[in-house]
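Comments concern the structure below.
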Amino acid sequence: QQQVKQSPQSLIVQKGGISIINCAYENTAFDYFPWYQQFPGKGPALLIAIRPDVSEKKEGRFTISFNKSAKQFSLHIMDSQPGDSATYFCAASIIGNTPLVFGKGTRLSVIA
Amino acid sequence: DAGVIQSPRHEVTEMGQEVTLRCKPISGHNSLFWYRQTMMRGLELLIYFNNNVPIDDSGMPEDRFSAKMPNASFSTLKIQPSEPRDSAVYFCASSLRNGQPTEQFFGPGTRLTVL
Chain B
1 QQQVKQSPQS LIVQKGGISI INCAYENTAF DYFPWYQQFP GKGPALLIAI RPDVSEKKEG
61 RFTISFNKSA KQFSLHIMDS QPGDSATYFC AASIIGNTPL VFGKGTRLSV IA
Chain G
1001 DAGVIQSPRH EVTEMGQEVT LRCKPISGHN SLFWYRQTMM RGLELLIYFN NNVPIDDSGM
1061 PEDRFSAKMP NASFSTLKIQ PSEPRDSAVY FCASSLRNGQ PTEQFFGPGT RLTVL
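Read top to bottom, the protein sequences are chains B and G.
First residue of the first sequence: 1, per this note's numbering; consecutive thereafter.
First residue of the second sequence: 1001, per this note's numbering; consecutive thereafter.
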């Protein structure tokens, strides 16, 4: 019940295209859903996060869509750029109670 | 702030040797996490501390692994004896636990190779 399932494992997108990464969770007590971005040789870093009281959050080219009833959330990267090539992790937690539970990660390659 | 500091950045050792990984969290943070990252298993939480107290070590793979946090500014992860299957990147992360959603800041990681 603590798992977060992420798909796809890897993704290749043309420059300018839309990258979409999906995650699903089981624990309905989760109330914080961040996405982390990791470049090779670096630690993951927070990209964007959402609480379940909203269905969408947008920051620049990055958007989280959240479907509470389906227990799913996704990351959309609009106008994908080669600099977005990285590994993306979704995560979930219960604020103030549990540490983050991470998905297995999606390796995104944006090709010109 | 310099961020989360980990040392060494790379460690190559032989099977059976003791390995000690070190972490200095961001000043003022009261939660510290140790993760292991491999291609097969992704990012696994090994153990985490709140206010220097270990809260959950259920992710520690075996008794060969141990972690300590003697004070708010230092933590160690020790593997004794090390085995080739311990080869991975080990990350330390810290955050401020205050009942609000807060960012977990990761260090640059230690790449461990056990021959």
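Heads up, the beta-carbon is just placed ideally off N, CA and C, and yes, glycines get one too.
Note that the coordinates shown come from a computational prediction; the quantities given were computed from them, not determined experimentally.
Inter-residue Cα distance where the pair is G:R1042 and B:K104: Rather than Arg, the amino acid found at residue 1042 of chain G in this sequence is Gly. Going by the C-alpha atoms only, they are around 5 angstroms apart.
Segment contact flag, the segment 24–43 of chain B with the segment 92–112 of chain B, C-beta cutoff 8 angstroms, min 3 pairs: yes
Contact the segment 1099–1112 of chain G vs the segment 1010–1019 of chain G: 3+ CB pairs below 8 angstroms: yes
Cβ-Cβ separation, G:V1089 to G:Q1037 (assumed contact under 8 angstroms), whole Å: 5 angstroms
Which of helix, strand or coil DSSP assigns to G:R1085: helix
Min CB distance B:F89 to chain G below 8 angstroms: yes
Beta carbon of G:G1059 nearer than 8 angstroms to that of G:I1026: no
Listed by chain order, chain B residues near G:F1033 by CB distance under 7 angstroms: P99
Reduced DSSP secondary structure (H/G/I, E/B, other) of B:P82: helix
Exposure of B:V54, with buried meaning 16 or more beta-carbon neighbours within 10 Å: exposed
B:G83 versus B:I20: straight-line alpha-carbon distance, rounded: 16 angstroms
Where the beta strand (DSSP E) containing G:R1009 begins and where it ends: Premise fails: G:R1009 is in no beta strand (DSSP E) and is neither H nor E.
Residue-level contact to chain C via CB, G:F1091, 8 angstroms cutoff: The structure shown contains no chain C; its protein chains are B and G.
DSSP-derived helix/strand/coil call for B:H76: strand
Near-chain G residues of the segment 22–44 of chain B - C-beta to any C-beta below 7 angstroms: Y32, K42, G43 and P44
Minimum Cβ-Cβ distance from G:R1097 to chain B less than 8 angstroms: yes
Contacts of G:E1103 in chain B (Cβ-Cβ under 7 angstroms): L46
Closer than 8 angstroms to chain G by CB, B:G105: yes
Reference B:R107; option with closest CA among B:Q38, B:Q81, B:N97 and B:K5: B:Q38
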